[in-house]
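Data first, discussion second: the structure below is written as structure tokens.
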Amino acid sequence: SRFNIVDLGNGSFNLVVIDDSELVFDTGNNDLTFQIVFDHPNAVSSLTELLDVDLVNVNPTINNGTCPVIPTIESKTNIIYDFTGENGSFTNSLDKLDLTWSLTGATDTLKFEIGNVISANPFLNTWGQLRATSLQTAEGTYPIQVTLTDGGGATDVCDLSVTYSYAPTAIFSDNISTVNLNNSVADGFPGGGNVSLTNDPAINPELVISNGDFGVKLRYAHNGSTANSWTTTFNGSFTNSSSGAVYSFSRGYLTPTSPVTSNDSPSTTLPPGTYTWTLTVTSNGLPALSSGIAQSLGSWITTYIP
Numbered sequence: 005s006r007f008n009i010v011d012l013g014n015g016s017f018n019l020v021v022i023d024d025s026e027l028v029f030d031t032g033n034n035d036l037t038f039q040i041v042f043d044h045p046n047a048v049s050s051l052t053e054l055l056d057v058d059l060v061n062v063n064p065t066i067n068n069g070t071c072p073v074i075p076t077i078e079s080k081t082n083i084i085y086d087f088t089g090e091n092g093s094f095t096n097s098l099d100k101l102d103l104t105w106s107l108t109g110a111t112d113t114l115k116f117e118i119g120n121v122i123s124a125n126p127f128l129n130t131w132g133q134l135r136a137t138s139l140q141t142a143e144g145t146y147p148i149q150v151t152l153t154d155g156g157g158a159t160d161v162c163d164l165s166v167t168y169s170y171a172p173t174a175i176f177s178d179n180i181s182t183v184n185l186n187n188s189v190a191d192g193f194p195g196g197g198n199v200s201l202t203n204d205p206a207i208n209p210e211l212v213i214s215n216g217d218f219g220v221k222l223r224y225a226h227n228g229s230t231a232n233s234w235t236t237t238f239n240g241s242f243t244n245s246s247s248g249a250v251y252s253f254s255r256g257y258l259t260p261t262s263p264v265t266s267n268d269s270p271s272t273t274l275p276p277g278t279y280t281w282t283l284t285v286t287s288n289g290l291p292a293l294s295s296g297i298a299q300s301l302g303s304w305i306t307t308y309i310p
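Okay, here's the thing in structure tokens:
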């Protein structure tokens with residue numbers, strides 16, 4: 005039998021479903037007849053009673069009845085939130101039976117989705133996972149309505165909002181933003197003289213600007229331990245990979261009056277995009293290594309413009 009009677013000890017009894025069975029409510033007609041026999045030691049005969057039992061659906065619940073608050077999303081990711089849902093079963097292995105997730109109301113289903121696949125494989129399981137359909141969801145606040153429906157058509161609804169706000173970034177590929185020309189033989193340079201270097205290493209470096217404008221300036225410097233003076237030209241540019249726009253920088257003939265001298269060029273505003281850049285440092289009369297270390301250093305400096 006899948007049913008049992010539990011004596012409550014006060015003349016009352018409960019009719020219960022035996023684990024691990026359950027009664028599932030659906031839209032079909034399901035007639036259940038229970039024949040209950042009452043015995044008493046002083047009774048002349050037993051009493052048989054036929055009872056009609058109405059099976060009432062238990063509404064499903066989302067997150068135990070608590071709708072979550074989603075923190076502001078600041079990175080481009082698909083997964084937003086993992087929802088939990090139950091159909092009212094007292095048996096854990098069956099509490100997801102006949103449940104279906106959907107996005108309803110004002111939800112933009114072109115931008116968001118929720119899964120219904122239950123799998124032991126975490127790479128295949130999508131059940132209750134609220135996701136963005138693209139990694140390129142634009143900044144803004146989006147209304148989301150999550151609905152959980154059981155086999156009998158009963159529902160639970162969770163209304164929430166998802167806000168995307170991306171931090172502005174300016175990222176140099178391989179973290180390279182400097183060209184260092186010096187008189188060190190160990191670094192592959194002659195020990196002084198007229199020397200030129202373009203990019204370091206000689207690659208096609210990139211700068212990716214996202215979610216805001218950045219000011220870019222060229223910092224040009226002479227560093228070292230030598231007391232001698234020398235002159236250097238610094239020439240660089242950024243090229244927008246999409247529009248082809250070129251932003252040029254040129255600072256010439258810095259003649260230091262001390263071993264350490266540093267200056268910045270005026271700032272140029274670069275809008276979001278991907279840029280290739282080049283920076284050439286040319287030194288004339290770089291002091292010999294015997295007089296001390298001499299460096300001509302060109303660096304790109306970026307500053308966010310609110």
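Count along the sequence shown from 1, then add 4; that gives the number in my numbering. Glycine included, every Cβ here is placed at the ideal spot set by N, Cα and C. On a predicted model such as this, the values are computed, not experimentally measured, just so you know.
For Ser123, the closest C-alpha among the options Phe116, Lys115, Gly132, Glu117 is that of Gly132. If you check the CB distance, Leu274 and Phe253 do not come in under 9 Å.
Of all C-beta pairs linking the region 183–199 to the region 281–299, three or more are shorter than 8 Å, placing the two stretches in contact. Asp154 and Ile40 have their alpha carbons spaced roughly 31 Å apart. Residues of the same chain with a CB within less than 7 Å of the CB of Ser266, apart from the 5 flanking positions on each side, are Arg223, Ala225 in chain order.
Gly144 and Tyr168 have their C-alpha atoms spaced approximately 5 Å apart.
If you draw a straight line from the Cα of Gly69 to the Cα of Cys162, it comes to about 9 Å. The residues Trp105, Leu107, Leu134, in chain order, have a CB closer than 6 Å to that of Ile118 in the same chain once the five nearest residues on each side in sequence are set aside. With three or more CB-CB distances shorter than 8 Å, the region 199–214 counts as touching the region 276–283. Beta-carbon to beta-carbon, Ser214 and Thr159 are separated by about 40 Å, too far to satisfy the 8 Å threshold. Leu152 is positioned such that its CB atom lies closer than 9 Å to that of Pro64. Phe218 counts as buried, since at least 16 other C-beta atoms from the protein chains shown sit within 10 angstroms of its C-beta. For Val285, the closest alpha carbon among the candidates Ser271, Asn82, Ser247, Ser303 is that of Ser303. Shortest Cα-Cα distance from Ser271 to any of Tyr251, Tyr85, Leu36 involves Tyr251.
For the region 226–276, there is no continuous alpha helix (DSSP H) assignment of 4+ residues that stays within its boundaries.
Within the same chain, Cβ atoms closer than 6 Å to the Cβ of Ile180 are found at Pro209, the five residues on either side in sequence being excluded. Straight-line spacing of the CA atoms in Asn91 and Leu101 works out to 7 Å. Spanning the alpha carbons of Ser233 and Gly196 requires a straight line of approximately 12 Å. Ranked by Cα distance from Thr307, the options Val220, Gly89, Val21, Ala142 are led by Val220.
In the three-state reduction of the DSSP assignment, Ala47 falls in the coil class, being assigned neither a helical nor a strand state. DSSP places Glu117 in the uninterrupted beta strand (DSSP E) bounded by 116–118.
Membership of Gly197 in the beta strand (DSSP E) is indicated by the continuous run 197–202.
In this structure, the beta-carbon distance from Val183 to Leu164 does not fall below 9 Å. Within the DSSP bridge table, the entry for Leu19 names Ile9 as partners. Asn67 places its beta carbon less than 9 Å from that of Thr88.
Note that the C-beta distance between Ile84 and Ala142 is not below 9 Å.
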